[in-house]
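In terms of UniProt numbering, the sequence shown opens at residue 1 and continues consecutively.
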Amino acid sequence: MAKLEYIWLDGYKPTQSLRSKTKIVKSFSGKVEDLDNWSFDGSSTEQAPGGSSDCILKPVYVVPDPQRKDGYLVMCEVLDSTGKPHESNGRALIEDDDNDFWFGFEQEYFLWDPATNKPLGFPAGGYPGPQGPYYCSVGANNAFGREIVEEHLDVCLEAGLNVEGINAEVAAGQWEFQIFSKGAKEAGDQIWIARYLLERIGEKYGVAVNWHCKPLGQLDWNGSGMHANFSNSLLRTANSKEKFEAVCEAFRPAVAECIAVYGADNDQRLTGKHETASIHDFSYGVSDRGASIRIPLYAVEHNWSGYLEDRRPNSAADPYKVAAVIIKTVKSANV
Ligand code: ADP
Ligand code: MN
Ligand code: MN
Ligand code: MN
1 MAKLEYIWLD GYKPTQSLRS KTKIVKSFSG KVEDLDNWSF DGSSTEQAPG GSSDCILKPV
61 YVVPDPQRKD GYLVMCEVLD STGKPHESNG RALIEDDDND FWFGFEQEYF LWDPATNKPL
121 GFPAGGYPGP QGPYYCSVGA NNAFGREIVE EHLDVCLEAG LNVEGINAEV AAGQWEFQIF
181 SKGAKEAGDQ IWIARYLLER IGEKYGVAVN WHCKPLGQLD WNGSGMHANF SNSLLRTANS
241 KEKFEAVCEA FRPAVAECIA VYGADNDQRL TGKHETASIH DFSYGVSDRG ASIRIPLYAV
301 EHNWSGYLED RRPNSAADPY KVAAVIIKTV KSANV
């Protein structure tokens, strides 16, 4: 017997959540093409009316589930009852069949105590000391929830996700993991599966994950981003400052379209403070962590070849939709 956890995104707006259910099969090869479509009650997930409630789950990516005997995690696209991509299906918007686009997402998040409704490390009745010592910290005064973070890292690696690193972040109880993939769809699949695993590990500890981009409001605490690092063969082999700048300029007229999918409440986070650019501005610059798009020093040092970092997507954004709009915008560049 194999346990297949079919995972999908619901239809809630403006932020979609993970849903999943288990299908038991006699045996499974481990290959995605051997998985059957399944269905679910879309009227319970804001994806269909009650009168015709069936939506279809189409498996698109599968990894072993390291925490479950004979288990697999099956990332699915949602199709409507006629078999067309559901409007909630951001993955279907990605236009990059040859996987020319590579993505590295830096996923920030808060580990959150449901009892106090505060991040781990925050005393019930107040605040810990101000930001400064928490980023990349060690020690029980400054690093909170490491056993969860470590367990998550091990499980992600065992599942075969391409995690490139983790770090404690600037706020207390805030952490980051980075996932890179040579393919936009796979990068999105891996981020969503990693989010799923983090949520599920948190259940064991009674700790929630807060994906909101500014969960502590306008107090002097950093928000959470999901910087999108991206490249295509044009950028990787540019050897040209002009080509890099042309790609950056392509984002200028696309600001509204980008911000629309860069995560809910991003106006609260993109204030111009805390290593962000204002949501009203568009800027780019070498090594500039206050810009909308940062040109990493790496690219300059490699004779203007490499990748770009869009710093605007937030922690709650859908990586599929983020990748889709970045790909579309880069392809529109005047080079
Ligand atoms: P920082 O915190 O300084 O912004 P990180 O090390 O957290 O940087 O993240 C940088 C990300 O850039 C990594 O996820 C890495 O995989 C990604 N990256 C590196 N090279 C490329 C590339 N050619 N195309 C896309 N992403 C890349
Ligand atoms: Mn980072
Ligand atoms: Mn970070
Ligand atoms: Mn970054």
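Glycine included, every Cβ here is placed at the ideal spot set by N, Cα and C.
The model shown is predicted, which means the values in this text are computed figures rather than measured ones.
- One alpha carbon belongs to Asp80, the other to Leu73, and they sit about 22 Å apart.
- With respect to the 9 Å criterion, Glu203 and Glu106 are not classified as neighbours on the basis of their beta carbons.
- For Leu235, the closest of Ile259, Arg195, Trp304 by C-alpha to C-alpha distance is Trp304.
- Annotation: Glu242 to Ala333 spans about 11 Å, alpha carbon to alpha carbon.
- Asn99 has its Cβ no nearer than 8 Å to any heavy atom of ligand 1.
- Ser224 counts as buried, since at least 16 other C-beta atoms from the protein chains shown sit within 10 angstroms of its C-beta.
- Summarising the contact set, residues whose Cβ lies nearer than 5 Å to any heavy atom of ligand 4 are, in chain order, Glu106, His227.
- Rounded to whole angstroms, the Cβ separation of Ile201 and Val155 is 7 Å, and the two are in contact under 8 Å.
- The residue from Gly42, Ala256, Gln16, Ala172 with its alpha-carbon nearest to that of Gly129 is Ala172.
- For Asn167, the distance from the CB to the nearest heavy atom of ligand 3 is below 8 Å.
- A Cβ-Cβ distance of about 18 Å is found for the pair Asn99 and Lys31, leaving them out of contact under the 8 Å criterion.
- Under the 10 Å beta carbon count, Asn37 is surrounded by fewer than 16 other beta carbons and is classified as exposed.
- In this structure, the straight-line span from the alpha carbon of Ser278 to that of Gln67 is close to 41 Å.
- Short note on Glu164: C-beta not closer than 8 Å to any heavy atom of ligand 3.
- Non-local C-beta neighbours of Phe122 in its own chain, meaning closer than 8 Å and more than five positions away in sequence, comprise Asp113, Thr116, Pro128, Ala172, Gly173, ordered along the chain.
- Beta-carbon to beta-carbon, Leu9 and Lys23 are separated by about 18 Å, too far to satisfy the 8 Å threshold.
- Nearest in C-alpha terms to Lys273, of all of Ala324, Val163, Leu219, is Leu219.
- DSSP places Thr329 within a helical segment (H, G or I) once states are collapsed to three.
- Relative to ligand 3, Gly225 has its C-beta within less than 8 Å of a heavy atom.
- Residue Val261 holds the alpha-carbon nearest to the alpha-carbon of Leu93 among Val261, Gly165, Lys118.
- Comparing alpha carbon positions, the residue from Phe251, Glu257, Pro313 closest to Asp265 is Pro313.
- As a beta-bridge residue in DSSP terms, Ile166 pairs with Phe177.
- DSSP places Arg19 in the strand class (E or B) of the three-state scheme.
- Each residue's CA atom was taken as its position, placing Glu77 and Leu111 some 28 Å apart.
- A buried status is given to Cys213, since no fewer than 16 other beta-carbon atoms sit within 10 Å of its beta-carbon.
- Scanning Leu18, Asp41, Val63 for the CA closest to the CA of Cys55 turns up Asp41.
- Under a 10 Å Cβ-count criterion, Val138 is classified as exposed, with fewer than 16 other Cβ atoms of the shown protein chains found around its own Cβ.
- A direct Cα-to-Cα measurement between Met1 and Leu57 gives close to 21 Å.
- Scanning the region 261-300 from its first residue to its last, the whole beta strand (DSSP E) runs of 3-plus residues come out as 284-286, 293-295.
- Here the distance from the Cβ of Trp102 to the nearest heavy atom of ligand 1 is below 8 Å.
- In this structure, the beta-carbon distance from Glu301 to Asn229 does not fall below 9 Å.
- Asp65: not part of any beta strand (DSSP E); DSSP gives it neither H nor E.
- Contact annotation: Ile293 and Arg311 have beta-carbon atoms nearer than 9 Å.
- One thing to note: Ala168 has its Cβ within 9 Å of the Cβ of Arg146.
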